[in-house]
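Only one structure is covered here, and it is reproduced in the block below.
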Amino acid sequence: MRISRIYFGEKLASETTAILSADISHYLGKVLRLKSGDQIHLFNETDGEFLASVSNVKKSAVEVDIGSMVRAAEAATLQINLALGISRGDRMDYGIQKSSELGVSRITPLYTEYGEVRLKADRVENKLRHWSKIAVSASEQSGRLDIAEVTAPCGLEQWARDLPVGLNIMLEPSGSQQLSAELSSKLSLGLSPELSPELSPQLSPQLSPQQQNSQNSSVKNVNLIIGPEGGFSAKEIQWAEQAGFLITSLGKRILRTETAPVASLAIIQHLFGDM
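Per the working numbering: the sequence shown = residues 129 to 403.
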């Protein structure tokens, strides 16, 4: 039987006791029906992952004894900042879930000119809470130690204000180059895509496998924009081009806004991350 992984935001250390929150306690006690002596894993991005044993199941709280560390905290090899066009209902939930599973560091729901969804001020907090819970669940399921941060919705220019230097990509069906071919081509030519807004000059005509691996590992940050169902306006595409974003597509198929993150993030993680 698979041991449940639970994100615990407080300090974790061996030979200590923890009292879990009401929500987690309800899930463990009422949904999973765990009893004293049953084991779970508690984890967070700072302390790592620990084996824990349920010691007391109360109506409002579950108490656990924290045992040995099973996995040390580790820094992500690639930071991915995703701006994802807001879509309706379950499609946005799915996009956030799968993006979190695929290792995105930060997700910003994006307002665009053709986007149909505009959240009223009184709904933003509830939506952020809902999306953040999805990100936590995705980390628990996928084996991540950290949680993707879901930030408040905003427009393109506001999102771009505090981006780290990195590889800038906009997914757009009209893009003349396919994402996988464009990135693979630049790596094979010895181009370092770490500089922003423009790619660095050609370093050498060919790279050995060892050099290419080194080149891959030089990419520490990826800033990725994926639009809503209606796509991007000409003005938004022009802004991205002027800001130094690669305008690329995912090939001949036009993917739904919740499917595009899965395809693009798998490519990016394969080339620069840990897939």
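Idealized CB from N, CA, C, for every residue including glycine. Note that the structure is a prediction, hence the values are computed from the model and not measured.
Pair within 8 angstroms by beta-carbon distance, isoleucine 173 and asparagine 184: Along the sequence shown, read from residue 1 onward, the residue named residue 173 stands at position 45. Along the sequence shown, read from residue 1 onward, the residue named residue 184 stands at position 56. According to the sequence displayed, residue 173 carries glutamate and not isoleucine. The answer is no: Cβ separation not under 8 angstroms.
Closest by C-alpha distance to glycine 294, when choosing among Asn209, Ala146 and Ala180: One-based indexing of the sequence shown puts residue 294 at position 166. For the residues Asn209, Ala146 and Ala180, the minimum Cα distance to glycine 294 belongs to Asn209.
Residues near threonine 279 by beta carbon distance below 6 angstroms, same chain, minus five either side: As a first step, residue 279 must be located in the sequence shown, where it is residue number 151. Thr236, listed in sequence order.
Tyrosine 135 in three-state terms, based on DSSP: Working through the sequence shown from its first residue, we reach residue 135 at position 7. If DSSP states are grouped into helix, strand and coil, tyrosine 135 belongs with the strands.
Buried versus exposed call for tyrosine 242 [16 or more other C-beta atoms within 10 Å across all chains shown]: Numbered from 1 along the sequence shown, position 114 holds the residue referred to as residue 242. Per the 10 Å Cβ criterion, exposed.
DSSP bridge partner residues for aspartate 175 (one or two, in chain order): Counting from 1 along the sequence shown, the entry for residue 175 is found at position 47. Answer is none; aspartate 175 lacks a bridge partner.
Given 8 angstroms, three or more beta-carbon pairs between the segment 252-268 and the segment 292-312: no
Those residues which DSSP pairs with glutamate 277 across a bridge: Numbered from 1 along the sequence shown, position 149 holds the residue referred to as residue 277. Paired residue(s): Arg234.
Sub-8 angstroms separation of serine 215 and alanine 276 beta-carbons: If you number the sequence shown from 1, residue 215 lands on position 87. If you number the sequence shown from 1, residue 276 lands on position 148. No. Outside cutoff.
Continuous alpha helix (DSSP H) stretch holding alanine 391: start and end: Working through the sequence shown from its first residue, we reach residue 391 at position 263. Taken as a continuous stretch (DSSP letters only), the alpha helix (DSSP H) holding alanine 391 covers 388-400.
Residue from Ile396, Leu291 and Gln305 whose Cα sits closest to the Cα of isoleucine 375: Here the question's residue 375 lines up with position 247 in the sequence shown. Residue Gln305 is the option with its Cα nearest to isoleucine 375.
Alpha carbon of lysine 187 to alpha carbon of leucine 162, nearest angstrom: By one-based count along the sequence shown, residue 187 stands at place 59. By one-based count along the sequence shown, residue 162 stands at place 34. Lysine 187 and leucine 162: Cα-Cα distance of roughly 12 angstroms.
Exposure of isoleucine 354, with buried meaning 16 or more beta-carbon neighbours within 10 Å: Reading the sequence shown from its first residue, position 226 is the one you call residue 354. Isoleucine 354 should be labelled buried.
Through-space distance from phenylalanine 178 to threonine 144, alpha-carbon basis: Taking the first residue of the sequence shown as 1, we reach residue 144 at position 16. Taking the first residue of the sequence shown as 1, we reach residue 178 at position 50. Distance between the alpha carbons of threonine 144 and phenylalanine 178 is about 11 angstroms.
Methionine 197 - containing beta strand (DSSP E), residue span: One-based indexing of the sequence shown puts residue 197 at position 69. Looking at the DSSP string, the run of the beta strand (DSSP E) that includes methionine 197 is 190-199.
Beta carbon of isoleucine 134 nearer than 8 angstroms to that of isoleucine 168: Residue mapping note: residue 134 aligns to position 6 of the sequence shown, counting from 1. Residue mapping note: residue 168 aligns to position 40 of the sequence shown, counting from 1. Going by C-beta atoms, isoleucine 134 is nearer than 8 angstroms to isoleucine 168.
Leucine 393 vs valine 232 beta-carbon contact at 8 angstroms: As a working mapping, residue 393 is identified with position 265 in the sequence shown. As a working mapping, residue 232 is identified with position 104 in the sequence shown. Yes, these two residues count as a Cβ contact at 8 angstroms.
CB of leucine 238 within 8 angstroms of CB of alanine 200, strictly: Counting from one through the sequence shown, the residue named residue 238 turns up at place 110. Counting from one through the sequence shown, the residue named residue 200 turns up at place 72. No, Cβ-Cβ distance for leucine 238 and alanine 200 is not below 8 angstroms.
Local Cβ density within 10 Å of leucine 331, reported as buried at 16 or more and exposed below that: To locate residue 331, count along the sequence shown from 1; it is residue 203. Because the pLDDT at leucine 331 is just 27, under 50, the model does not fix this residue reliably, and the value given afterwards should be weighed accordingly. Flag for leucine 331 reads exposed.
Spatial neighbours of asparagine 349 in its chain, beta-carbon cut-off 6 angstroms, leaving aside the 5 residues before and after: Working through the sequence shown from its first residue, we reach residue 349 at position 221. The answer, listed in chain order, is Gln207, Pro292 and Gly294.
Cβ-Cβ distance between serine 181 and serine 142 below 8 angstroms: Walking along the sequence shown from the start, residue 181 turns up at place 53. Walking along the sequence shown from the start, residue 142 turns up at place 14. No, the pair does not count as a contact, with Cβ atoms beyond the cut-off.
Whole-angstrom distance between leucine 352 and proline 321, CA atom to CA atom: Your numbering for residue 321 matches position 193 in the sequence shown. Your numbering for residue 352 matches position 224 in the sequence shown. With a pLDDT of 48 at proline 321, under the threshold of 50, the predicted position of this residue should be treated as unreliable, though the coordinate-derived value follows. Each residue's alpha carbon lies about 13 angstroms from the other.
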